[in-house]
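Here the sequence shown stands for residues 35 to 314, where the numbers follow the numbering used here. We treat Cβ as the ideally placed atom computed from N, Cα and C, and that holds for glycine.
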Amino acid sequence: MTVLEVLQSSTAYFKKRKIDNPRLNAEHLLAHVLNRKRLELYLEFERELDESELKPLRDLVRRRGEGEPLQHLLGTVEFCGHTFLCDKRAMVPRPETEQLVELLMSDVRGQKSDLRILDVGTGSGVIALSLAKAFPTAEVHATDVSEDALELARENAARLGLGERVRFAKGNLLDAIENDFDLIVANLPYVSLQDRQSLSREVLRDPEVALFAGERGDELVRQLIEQAGARLRPGGLLALEIGVGQSAALLSFLAEKNYDDIESKNDYSSTPRFLFARYG
């Protein structure tokens, strides 16, 4: 089979398996097997593939058709211009989280050089490490309750040359933290246990500890809001990614807990997704 024929047959298979963006998935997997950039495939449509190339591709196509995330199959994910290791130890980073980091870069840029930043529930470390890259003089800390996730985050830190700069600690929310911070950012689990059936096959491959917060979904976010005030320097910023439909209640909760400059921002799909508030 030629490159083009393989792409066509893989795309057709993914369509039958109801995989979103079937052609794009086929291109990513074939480029991965051939060790090419995806767009380079367009220059090789007539090239015939041998069995040593087709065999691993068949396995990847089958696994993708069964709902295994594309990022797990590729082993990496692009986030804020950097390449991160990605596997079942932590949640696959979402585009919304990338937008949160971009908003923070814009908000924090130009402030004092001795920033102290904390990423709560760091997962694979994409938030903490992206901010560390963006702010070379900042002191960056990251926590997670999962040792598996922290292991992955440390591997990503080493790949980016940040192993000595970003400090990782295991603990629930702020339990392992003693310092105070200019910025506390968190993309915590915010899915209600009642919404399990509505999640895609791909999302359900993420660790449950990274997805589900409780019956309501916002339990962990509320706990962090209560704890963060004591760990923010005067005027420090709390930045949160939240679930659909949670914005109004959490805005009120932030006001109850004496936060100021409270603001909600939408993601690219116009869904209220991010909360920002200052304390002290």
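Alpha-carbon to alpha-carbon, residue j and residue i
{"i": "Ala191", "j": "Gly155", "result": "15 Å"}
{"i": "His175", "j": "Leu58", "result": "36 Å"}
{"i": "Ser234", "j": "Pro103", "result": "10 Å"}
{"i": "Cys120", "j": "Leu107", "result": "9 Å"}
{"i": "Arg267", "j": "Arg150", "result": "9 Å"}
{"i": "Leu272", "j": "Leu73", "result": "40 Å"}
{"i": "Asn292", "j": "Leu138", "result": "22 Å"}
{"i": "Leu254", "j": "Val200", "result": "24 Å"}
{"i": "Leu285", "j": "Asp294", "result": "11 Å"}
{"i": "Arg97", "j": "Gly109", "result": "13 Å"}
{"i": "His66", "j": "Leu194", "result": "21 Å"}
{"i": "Gln231", "j": "Asp84", "result": "41 Å"}
{"i": "Pro56", "j": "Glu236", "result": "14 Å"}
{"i": "Glu27", "j": "Leu38", "result": "The first residue shown for the chain is 35 and the last is 314, placing residue 27 beyond what the model contains."}
{"i": "Leu196", "j": "Leu288", "result": "33 Å"}
{"i": "Pro306", "j": "Arg128", "result": "15 Å"}
{"i": "Ser140", "j": "Asn300", "result": "15 Å"}
{"i": "Lys89", "j": "Ala283", "result": "52 Å"}
DSSP state of residue i mapped onto helix, strand, coil
{"i": "Ile161", "result": "helix"}
{"i": "Pro56", "result": "helix"}
{"i": "Asp229", "result": "helix"}
{"i": "Arg235", "result": "coil"}
{"i": "Glu275", "result": "strand"}
{"i": "Arg250", "result": "coil"}
{"i": "Leu394", "result": "In the structure as shown, the chain begins at 35 and stops at 314. Residue 394 is therefore absent and cannot be evaluated."}
{"i": "Arg312", "result": "strand"}
{"i": "Arg267", "result": "strand"}
Beta-carbon gap between residue i and residue j smaller than 8 Å
{"i": "Arg312", "j": "Gly269", "result": "yes"}
{"i": "Ala124", "j": "Ser164", "result": "no"}
{"i": "Arg265", "j": "Phe215", "result": "yes"}
{"i": "Leu207", "j": "Val225", "result": "no"}
{"i": "Asp178", "j": "Val219", "result": "no"}
{"i": "Phe169", "j": "Ala187", "result": "no"}
{"i": "Glu249", "j": "Leu134", "result": "no"}
{"i": "Leu217", "j": "Val142", "result": "yes"}
{"i": "Ser304", "j": "Val243", "result": "no"}
{"i": "Val126", "j": "Phe118", "result": "no"}
{"i": "Glu132", "j": "Phe113", "result": "yes"}
Residue nearest to residue i in terms of C-alpha spacing, selected from the options
{"i": "Glu100", "options": "Pro129, Arg81 and Leu238", "result": "Leu238"}
{"i": "Leu63", "options": "Phe287, Asp54, Arg201 and Arg92", "result": "Arg92"}
{"i": "Tyr302", "options": "Gly279, Glu130, Glu249 and Asp153", "result": "Glu130"}
{"i": "Thr36", "options": "Lys49, Asn55 and Glu87", "result": "Glu87"}
{"i": "Phe79", "options": "Cys114, Pro56, Val40 and Lys71", "result": "Val40"}
{"i": "Leu222", "options": "Leu309, Pro170, Ser232 and Ala282", "result": "Leu309"}
{"i": "Arg51", "options": "Leu75, Glu260 and Val95", "result": "Val95"}
{"i": "Gly115", "options": "Gln228, Lys167, Ala65 and Val67", "result": "Lys167"}
{"i": "Ser43", "options": "Ile53, Asp54, Ala60 and Asn55", "result": "Ala60"}
{"i": "Gly314", "options": "Ile296, Asn300 and Ser180", "result": "Ile296"}
{"i": "Glu185", "options": "Asp229, Lys122, Glu132 and Asp148", "result": "Lys122"}
Proximity test, Cβ basis, 8 Å: residue i and chain B
{"i": "Gln231", "result": "The structure shown contains no chain B, having only a single protein chain."}
Runs of alpha helix (DSSP H) lying entirely within the stretch 169-213, each at least 4 residues, in chain order: 181-193
Return the chain-ordered ranges of every alpha helix (DSSP H) run that is complete within the stretch 67-155 and spans a minimum of 4 residues. 85-99, 104-108 and 129-142
Would you mind listing the beta strand (DSSP E) stretches within the stretch 278-308 that are 3+ residues and don't spill past its ends, in chain order? 294-300
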